[in-house]
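Asker: All residue numbers for the sequence shown refer to UniProt numbering, where the first residue is 1 and numbers rise by one. Next up is a structure, given as structure tokens.
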Amino acid sequence: MYLKYLLLSSNQNIEPSFESDYLKYTEETEGEFIVIKYKDLENNEASLRVSNNEAQIIFNGNKMDLALKRKVSNTFYFGEIKITFDCFLTSIVVKNKIIELNYDLLQNDTIIVSNIARFEFYKEKGGQLK
């Protein structure tokens, strides 16, 4: 089974800022969480943990914690650069074929960008959604 990860960003218009290739994944549950594990194109471990009220995305050596309708401070590292944002999760959508996290990145209580992290699940590469 495969997933595609899309990051859609909006300032005024929704624009795809990233879309992965098809990536193999595993799925399990841990209590109330659905846990999706996969490796990115550079063979780095990545994962998504999601429940009705919380989510965590691990990617490129970074971890982003999200809580529904709450600000959570997250620090991201890009090489030598370290940036801290507050993240505000506005909604979680969990369907059979799609998981979507809608969240805002804020600095000083000002929205910098609104994002949608979308995970699409497929039985095979190039196939229909699972």
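For every residue, glycine included, the Cβ atom is placed at its ideal position computed from N, Cα and C.
Between I98 and Q56, what straight-line distance do the alpha-carbon atoms span, to the nearest angstrom?
Answerer: Whole-angstrom Cα-Cα distance: 16 Å.
Asker: Is it true that the CB of E45 sits closer than 9 Å to the CB of I58?
Answerer: yes
Asker: Of all the options E124, Y5, T90, R118, which has the alpha carbon lying nearest to the alpha carbon of E54?
Answerer: Of all alpha-carbon atoms in E124, Y5, T90, R118, the one lying nearest the alpha-carbon of E54 is that of T90.
Asker: Residue 216 by DSSP, collapsed to three states: which one?
Answerer: As shown, the chain starts at 1 and ends at 130. That puts residue 216 outside it, with no answer to give.
Asker: Does DSSP classify S20 as helix, strand or coil?
Answerer: coil
Asker: Identify whether S51 lies in helix, strand or coil by the three-state DSSP scheme.
Answerer: coil
Asker: Look at Y5 and F18 and say whether their C-beta atoms are less than 9 Å apart.
Answerer: yes
Asker: Does the distance from the CB of D109 to the CB of C87 come in under 9 Å?
Answerer: Remark: C-beta atoms of D109 and C87 do not approach each other more closely than 9 Å.
Asker: Nearest CA to the CA of E32: which residue from K39, V50, V93, T26?
Answerer: Selected option, being the one with the closest Cα: V50.
Asker: Which residues does DSSP pair with T75 in a beta bridge?
Answerer: T84
Asker: My guess is that S47 and I36 are in contact by the Cβ rule of under 8 Å, so how many angstroms apart are they, rounded?
Answerer: Between I36 and S47 the Cβ distance is about 6 Å, and since that is below 8 Å, they are a contact.
Asker: When you compare only the Cα positions, how much space is there between N52 and N96?
Answerer: If you take the alpha carbons of N52 and N96, they lie about 14 Å apart.
Asker: Tell me the DSSP secondary structure of N108 in three-state form.
Answerer: coil
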